[in-house]
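Reading through the structure tokens given below for one structure.
Residue numbers (our numbering): 1260 to 1462.
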């Protein structure tokens, strides 16, 4: 088995042109994913750093992040792997600590009503809240399609890749669900806001 996932499959099954098309679409998808993640990050920063409401600072930071990611990728697989492992470990530790500590500070009253009042009045407000929640889900489940790309570097990828994909999706779903439950239980009115947890803790 080689590396490339869908790209390699399309090449073997349908030829060079299909492989080229898939490569272009995958590249475009990667650009869209990076852009979406940067927007989510900067939108979060705007909640507790008002300076990011300034268009120059907002777009300047976005451009700087794109340049930074480009430089990291230019250094090759070793540095990318190191940065990816460090960022993943930091995120996992932060989430686990938040869940464990926050579990002792939950207020049951924060879970009522289950749906925001505005969402229960009409279809429009409901989809507005649904869209805000979906942005978090989108951020949660990015990157799974890239796991099979390095199949050649794995031991027994035919059996291990499906196991890895399923186990990672289950783990991420559990961790983020627990994190959101704890966040709603701790921070009053969080269910009515599109802001993230940190700015609420400063109020």
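We put the beta carbon where it would ideally sit given N, CA and C, even for glycine.
Original post:
So the alpha helix (DSSP H) residue 1370 belongs to, where does it begin and stop?
Top reply: Translated into positions along the chain shown, residue 1370 becomes position 111. Per DSSP, residue 1370 belongs to no alpha helix (DSSP H) and is neither H nor E.
**OP:** Using beta-carbon positions only, say whether residue 1438 and residue 1355 come within less than 7 Å of one another.
**Re:** Taking the first residue of the chain shown as position 1, residue 1438 is located at position 179. Taking the first residue of the chain shown as position 1, residue 1355 is located at position 96. Cβ atoms of residue 1438 and residue 1355: not closer than 7 Å.
Original post:
At what residues does the alpha helix (DSSP H) containing residue 1362 begin and finish?
Top reply: For the purposes of this step, residue 1362 is taken as residue 103 along the chain shown, with counting starting at 1. It is not in any alpha helix (DSSP H) - residue 1362 carries neither H nor E in the DSSP assignment.
Original post:
Buried or exposed: residue 1269, going by 16 or more other Cβ atoms within 10 Å of its Cβ?
Top reply: By one-based count along the chain shown, residue 1269 stands at place 10. Buried, because 16 or more other Cβ atoms sit within 10 Å of the Cβ of residue 1269.
Original post:
Counting pairs of Cβ atoms below 8 Å between the segment 1312 to 1326 and the segment 1342 to 1349, do you hit three or more?
Top reply: Because the criterion of three Cβ pairs below 8 Å is not met, the segment 1312 to 1326 and the segment 1342 to 1349 do not touch.
Subject >> Option nearest residue 1325 by Cα separation, candidates 1443, 1432, 1279 and 1301 >> reply: Here the question's residue 1325 lines up with position 66 in the chain shown. Residue 1301 holds the alpha-carbon nearest to the alpha-carbon of residue 1325 among 1443, 1432, 1279 and 1301.
Original post:
When the distance is taken between beta carbons, is residue 1406 closer than 7 Å to residue 1424?
Top reply: Position 165 of the chain shown, counting from 1, holds the residue named residue 1424. Position 147 of the chain shown, counting from 1, holds the residue named residue 1406. It is a contact, given that the beta carbons lie within the stated cut-off.
Subject >> Three-state class that DSSP yields for residue 1308 in the structure shown >> reply: On the chain shown, residue 1308 is found 49 positions in, with the first residue counted as 1. DSSP places residue 1308 in coil when its eight states are reduced to three.
Original post:
Is it buried or exposed for residue 1450, if we count other Cβ within 10 angstroms and need 16 for buried?
Top reply: Looking up residue 1450 in the chain shown gives position 191. No answer about residue 1450 holds up, because its pLDDT of 49 lies below 50 and its placement is not dependable.
Original post:
Mapping DSSP to helix, strand and coil, what is residue 1415?
Top reply: Position 156 of the chain shown, counting from 1, holds the residue named residue 1415. Coil.
Original post:
Do the CB positions of residue 1364 and residue 1445 come within less than 7 Å of each other?
Top reply: In the chain shown, residue 1364 corresponds to position 105, counting from 1. In the chain shown, residue 1445 corresponds to position 186, counting from 1. Result yes, Cβ atoms of residue 1364 and residue 1445 sit closer than 7 Å.
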